[in-house]
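Asker:
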Amino acid sequence: MVVQGYLQRKRDEGQRRSSYIGRSSSFFALLSSLFSLFLLGGCPGEDITPPEVVIIAPADGDTIAGPVTVRARATDNKRVVSVEFLVDGVRLGADSSPTGQMFEFAWLGLMRPGSTHTLSCSAADAAGNRSSSPEVTVHVSSSAGKHHSGTIGMAETWEAASSPHVVDSDLFIEAMLTLEPGTVVLVADGATVAVGTRSPAGIFARGKADSVITFSTLSTAPAPGAWNGILFRANTVPGGSLLRHCLVEYAGGGGYLVKCEAGGVAIDSSEFFSSSGSGVSASGGGLASLAGSVFSACARFPVSVSPGLVSAITADNKFSDNYRNAIEIPGGTVAATDTWTNLGFPYAITATLTVADSTNPLLYVAPGCSLLFADSARLRVGLGKPGALRADGTYGRVVFGPLVAGSGQWRGLEFWEQTDPVRTILNFCSIEAAGASNAAAITCYAEVLIANTKVSGSAGTGIYCQNTGFARFENDTITGCGGFPLRIAAQYVGTIGNGNSFTGNADDAIEVAGGNVASNAQYRQQGVPYLIRETIEVGSALEPTLLIENGVELRFASGAALAVGRTARASLQADSVTLTGAAAQPGAWDGLELHRYTTSTSRVERSRLLYGGGANRGIVFVDSCVPVLTGNEIAFSSNYCVFMRNTELDPDTIRSQNWLHNWDPGFDDVYYAP
0 MVVQGYLQRK RDEGQRRSSY IGRSSSFFAL LSSLFSLFLL GGCPGEDITP PEVVIIAPAD
60 GDTIAGPVTV RARATDNKRV VSVEFLVDGV RLGADSSPTG QMFEFAWLGL MRPGSTHTLS
120 CSAADAAGNR SSSPEVTVHV SSSAGKHHSG TIGMAETWEA ASSPHVVDSD LFIEAMLTLE
180 PGTVVLVADG ATVAVGTRSP AGIFARGKAD SVITFSTLST APAPGAWNGI LFRANTVPGG
240 SLLRHCLVEY AGGGGYLVKC EAGGVAIDSS EFFSSSGSGV SASGGGLASL AGSVFSACAR
300 FPVSVSPGLV SAITADNKFS DNYRNAIEIP GGTVAATDTW TNLGFPYAIT ATLTVADSTN
360 PLLYVAPGCS LLFADSARLR VGLGKPGALR ADGTYGRVVF GPLVAGSGQW RGLEFWEQTD
420 PVRTILNFCS IEAAGASNAA AITCYAEVLI ANTKVSGSAG TGIYCQNTGF ARFENDTITG
480 CGGFPLRIAA QYVGTIGNGN SFTGNADDAI EVAGGNVASN AQYRQQGVPY LIRETIEVGS
540 ALEPTLLIEN GVELRFASGA ALAVGRTARA SLQADSVTLT GAAAQPGAWD GLELHRYTTS
600 TSRVERSRLL YGGGANRGIV FVDSCVPVLT GNEIAFSSNY CVFMRNTELD PDTIRSQNWL
660 HNWDPGFDDV YYAP
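Take the sequence shown: its letter number 148 is residue 147 in numbering that gives the first Met the number 0, and every next letter is one higher.
Spelled out as structure tokens, the structure:
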């Protein structure tokens, strides 16, 4: 019994051990299976099987005659969520609402007769697995599409389903033509699509973002300029033409992709590509709006418009890879008040632009704008009729410069006699590299306000004032000019304000033409001398005072003088100034002349008067007046230092209160004639 009990216990232990080992084996087998799954890159239940897709229509090698529905069959171990269709490697569209295993998409796009295309599909399942179909090659029949030529004399609609619409030769649209979304128009080499040549007409082409209307070349080897372009002529119905979600490409044989001469054409959300000329060209009343469009690969400017149409262009257009990514203004006249906004691209002025009309128009150039001028082009204001220019760069400097980099490439800015002085302003502007044909960068025949502005790189003078001064001139810089920074007449020198810089020019001096100072004036210290070309007269019924500011240097050309009170009452106030000759030699200028109408309040003190005597009347000539002359250096005369006539001034007092030296040995220092 004992033995049997022992044996029974051993059998029970063996069963328990066997059960444990069995359970352990199952556990390790499970771990092994999971490990194998991880090694294979998956998790339990994960879908790693890509779908399968194949194009079933059209078949490989088929010839098609127009728009076709591309069909594909796609299968998956779970579910295909989308099939993407491609033509020549470019995405055409996608279908995510299949009928069973069948996916399809209508190919309404560009099919040039005689061309060959490759179709393919890409299928995706819910897990993100993706696969591609074998490629299918199709041929477009050389007779595909609906053909047009000659004249369209009655309203008609071109359907997308009949695409491509082939224009075999010049097409004259003399009625309303409507194009459905997705319509494709292919134009033969050298042909033009002309609208409204003889009768009221228009094109209404309103595509959609996913159904673009295409105007392209018929050629199977597309190239810029293959066809001439779309031309809206004089009888285009005003407001009746629209290009929306359109693509116009490979034209330009006529100098444009689209040209609008009349009709107020509206263009938006369109693309203009590969022109041998401009993209969109417009003049007269040809353009109502140009918005949200893309221009690229144009051999000329992407957009070219006459001055009155600039405001039709919005800031959401995009330019890239064109001859110049700029808006061309091919000269002309601004005849109505207008604002040129900062569109993100410069304005290219390729011929002379004039702001003038009997309505006194104002051209407002907004902050941040750049106006770039072609060789010999210029901007004229107030020529023959009133006009005004306002360029205020307070919140973004306004630039007037050359279209081609370099000094002196364009003429400059010209403010003519009928410029409106109240509304004309240049503030925080840059005028760069003007002065072609020996012109000044800025020429003024009327008063203008110029402040906080920089004139640089002029081939000639910086600013030339002809018989005028400034409404205001302060905090300006003129540098890098091939001549003088500024030329102005004597009577207008007082309109030059403070805070200016005139250095870094070929001649660092303010050139002053002779004239009569008839009202109070102040010659301010500008950091450079004044070069006086002819005699300055001071005097009028207003009894003006000429105040020469401390530190000012006046250099006089040969034969020039500063003459005070010759014919009318006047006063001179000069303290710590220099009056000298343009050349450092005795007799280089005539001298300071204080005539009979010079008031007794006139004072010349602590100043240097040098190298005069050219009129044989000394450096200082006092005639029948009693000015104050004290503390001055009067020297290097070609005759006398001081010549006095009929005055109460005492020669010895003049000698004792001034430093007289280096007069001509054949003359006295002071000559007195009662």
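A virtual CB, placed ideally from N, CA and C, is assigned to each residue, including glycine. Computed from a predicted model, the values in this text were never measured in an experiment.
Does DSSP put Ala491 in a helix, a strand or coil?
Answerer: One-based indexing of the sequence shown puts residue 491 at position 492. The sequence as given places Tyr at residue 491; Ala does not occur at that position. Helix.
Asker: What's the C-alpha gap between Arg486 and Gly459?
Answerer: As a working mapping, residue 486 is identified with position 487 in the sequence shown. As a working mapping, residue 459 is identified with position 460 in the sequence shown. Near 11 Å, if we compare the C-alpha coordinates of Gly459 and Arg486.
Asker: Could you tell me how far apart the beta carbons of Phe675 and Glu510 are, in whole angstroms, since I believe they sit closer than 8 Å?
Answerer: Missing from the structure shown is residue 675; the chain here goes from 0 to 673 and no further.
Asker: In terms of alpha-carbon separation, which member of Phe501, Gly468 and Leu370 lies closest to Thr494?
Answerer: Translated into the one-based positions of the sequence shown, residue 494 becomes position 495. Per the Cα distances, Gly468.
Asker: Just verifying my parser: in three-state terms, what is the DSSP assignment at Leu38?
Answerer: The residue labelled residue 38 in the question sits at position 39 within the sequence shown. Any reading at Leu38 must be qualified, since the residue scores a pLDDT of 40, below 50, and its modelled position is unreliable; the value itself is stated next. Helix.
Asker: Could you tell me the alpha carbon to alpha carbon distance between Leu546 and Val576, rounded to whole angstroms?
Answerer: Stepping through the sequence shown from its first residue, residue 546 is reached at position 547. Stepping through the sequence shown from its first residue, residue 576 is reached at position 577. Going from the Cα of Leu546 to the Cα of Val576 covers about 11 Å.
Asker: Would you call Gly503 buried or exposed, if buried means 16 or more other Cβ atoms sit within 10 Å of its Cβ?
Answerer: Here residue 503 corresponds to residue number 504 of the sequence shown, with the count starting at 1. Gly503 comes out exposed.
Asker: In whole angstroms, give me the CA-to-CA distance for Tyr670 and Ile430.
Answerer: Along the sequence shown, read from residue 1 onward, the residue named residue 670 stands at position 671. Along the sequence shown, read from residue 1 onward, the residue named residue 430 stands at position 431. Tyr670 and Ile430: Cα-Cα distance of roughly 52 Å.
Asker: Would a C-beta distance cut-off of 8 Å place Gly677 and Arg607 closer than the cut-off?
Answerer: Outside the displayed span of the chain (0 to 673) sits residue 677, for which this structure offers no information.
Asker: Using beta-carbon positions only, say whether Tyr610 and Gly580 come within less than 8 Å of one another.
Answerer: Locating residue 610 in the sequence shown gives position 611, counting from the first residue. Locating residue 580 in the sequence shown gives position 581, counting from the first residue. Their beta carbons are under 8 Å apart, which means Tyr610 touches Gly580 by this criterion.
Asker: Sorted by chain position, which residues of the same chain lie with C-beta nearer than 6 Å to Ala390's C-beta, five sequence neighbours on each side aside?
Answerer: Sequence index remark: in the sequence shown, residue 390 carries index 391 (1-based). Cβ within range, chain order: Val364, Val397, Leu425 and Cys428.
Asker: From Arg532, Pro221 and Asp651, pick the residue whose C-alpha is nearest to that of Leu561; which is it?
Answerer: Mapped onto the sequence shown, residue 561 falls at position 562. Residue Arg532 is the option with its Cα nearest to Leu561.
Asker: Any contact of the stretch 240 to 249 with the stretch 263 to 274, i.e. 3+ C-beta pairs under 8 Å?
Answerer: Yes: the two stretches touch, three or more of their Cβ pairs being nearer than 8 Å.
Asker: Are Gly285 and Ala261 close, meaning C-beta to C-beta below 8 Å?
Answerer: In the sequence shown, residue 285 corresponds to position 286, counting from 1. In the sequence shown, residue 261 corresponds to position 262, counting from 1. Contact flag set, yes.
Asker: Along the chain, where does the alpha helix (DSSP H) containing Pro650 start, and where does it finish?
Answerer: Counted from its first residue, the sequence shown places residue 650 at position 651. Pro650 to Gln656 is the span of the alpha helix (DSSP H), which, as asked, contains Pro650.
Asker: Would you mind stating whether Thr177 and Thr191 have Cβ atoms separated by less than 8 Å?
Answerer: As a working note, residue 177 is residue 178 in the sequence shown. As a working note, residue 191 is residue 192 in the sequence shown. No.
Asker: Taking the alpha-carbon positions, what's the Gly40 to Ser119 distance?
Answerer: The residue labelled residue 40 in the question sits at position 41 within the sequence shown. The residue labelled residue 119 in the question sits at position 120 within the sequence shown. Unreliable placement is indicated for Gly40, whose pLDDT of 44 sits below 50; the coordinate value is still reported in the next sentence. Whole-angstrom Cα-Cα distance: 30 Å.
Asker: At a cut of 8 Å, does the stretch 127 to 137 reach the stretch 229 to 246 through at least three beta carbon pairs?
Answerer: At 8 Å Cβ cutoff, the stretches do not touch.
Asker: Roughly how many whole angstroms lie between the Cα atoms of Leu308 and Ala122?
Answerer: Counting from 1 along the sequence shown, the entry for residue 308 is found at position 309. Counting from 1 along the sequence shown, the entry for residue 122 is found at position 123. In a straight line, the C-alpha of Leu308 is about 49 Å away from that of Ala122.
Asker: Can you tell me whether DSSP reads Pro306 as helix, strand or coil?
Answerer: Counting from one through the sequence shown, the residue named residue 306 turns up at place 307. Pro306 falls in the helix class under three-state DSSP.
Asker: From the DSSP output, which residues share a beta bridge with Ala347?
Answerer: Residue numbering aside, residue 347 sits at position 348 when the sequence shown is read from its first letter. Note: Ala347 sits in a beta bridge opposite Glu327 and Leu371.
Asker: Nearest to Gly331 by alpha carbon, out of Asn341, Arg323 and Ser303?
Answerer: Against the sequence shown, residue 331 aligns to sequence position 332. Looking at the Cα atoms, Ser303 is the closest of the given residues.
Asker: When you compare only the Cα positions, how much space is there between Gln465 and Asp475?
Answerer: Stepping through the sequence shown from its first residue, residue 465 is reached at position 466. Stepping through the sequence shown from its first residue, residue 475 is reached at position 476. Those two C-alpha atoms are separated by around 19 Å.
Asker: Just to confirm before moving on: does the CB-CB distance between Pro543 and Ala559 stay below 8 Å?
Answerer: As a working note, residue 543 is residue 544 in the sequence shown. As a working note, residue 559 is residue 560 in the sequence shown. No. Outside cutoff.
Asker: Just to confirm my understanding: we take Glu158, look at its own chain, exclude 5 residues before and 5 after, and list those with CB closer than 8 Å. What are they?
Answerer: Taking the sequence shown and counting its residues from 1, the one referred to as residue 158 is at position 159. Once the five neighbours on either side are set aside, the close Cβ partners of Glu158 are Glu179 and Thr182.
Asker: Under three-state DSSP, which class holds Ala287?
Answerer: The sequence position of residue 287 within the sequence shown is 288, counting from 1. Reduced to three states, the DSSP call for Ala287 is strand.
Asker: Taking its Cβ as the centre, do 16 or more other Cβ atoms sit within 10 Å of Pro664, making it buried, or is it exposed?
Answerer: Counted from its first residue, the sequence shown places residue 664 at position 665. So Pro664 counts as exposed.
Asker: I want to know whether the stretch 136 to 145 touches the stretch 88 to 96 - three or more CB-CB distances under 8 Å.
Answerer: Flag = no, the stretch 136 to 145 and the stretch 88 to 96 do not touch.
Asker: Measuring straight from C-alpha to C-alpha, what distance separates Thr358 and Ile348?
Answerer: To locate residue 358, count along the sequence shown from 1; it is residue 359. To locate residue 348, count along the sequence shown from 1; it is residue 349. Distance between the alpha carbons of Thr358 and Ile348 is about 23 Å.
Asker: Under the DSSP definition of a beta bridge, which residues are partnered with Phe472?
Answerer: In the sequence shown, the residue the question calls residue 472 occupies position 473. Its beta-bridge partners are Ile449.
Asker: Please classify Ser436: does DSSP put it in a helix, a strand, or coil?
Answerer: As a position in the sequence shown, residue 436 is number 437, starting the count at 1. Ser436: helix per DSSP, three-state reduction.
Asker: Does DSSP classify Ser319 as helix, strand or coil?
Answerer: For this step, residue 319 is matched to residue 320 along the sequence shown. Ser319 falls in the strand class under three-state DSSP.
Asker: Can you tell which of Asn324, Tyr394 and Gly343 has its C-alpha closest to the C-alpha of Leu402?
Answerer: In the sequence shown, the residue the question calls residue 402 occupies position 403. It is Asn324 whose Cα lies nearest to the Cα of Leu402.
Asker: Let me make sure I understand the geometry here. Which of Phe203, Ala187, Pro163 and Ser161 has the alpha-carbon closest to that of Ile172?
Answerer: Indexing the sequence shown from 1 puts residue 172 at position 173. Residue Phe203 is the option with its Cα nearest to Ile172.
Asker: Near Ser636, what residues of its chain come up, given a Cβ to Cβ distance below 7 Å and the 5 sequence neighbours on each side ignored?
Answerer: What you label residue 636 is simply residue 637 of the sequence shown in a count that begins at 1. Pro585, Gly611, Gly612, Gly617, Ile618, Trp662 and Asp663, listed in sequence order.
Asker: Going by Cα to Cα distance, which pick from Gly65, Lys77 and Ile54 is closest to Thr48?
Answerer: Here the question's residue 48 lines up with position 49 in the sequence shown. Comparing Cα positions, the closest option is Lys77.
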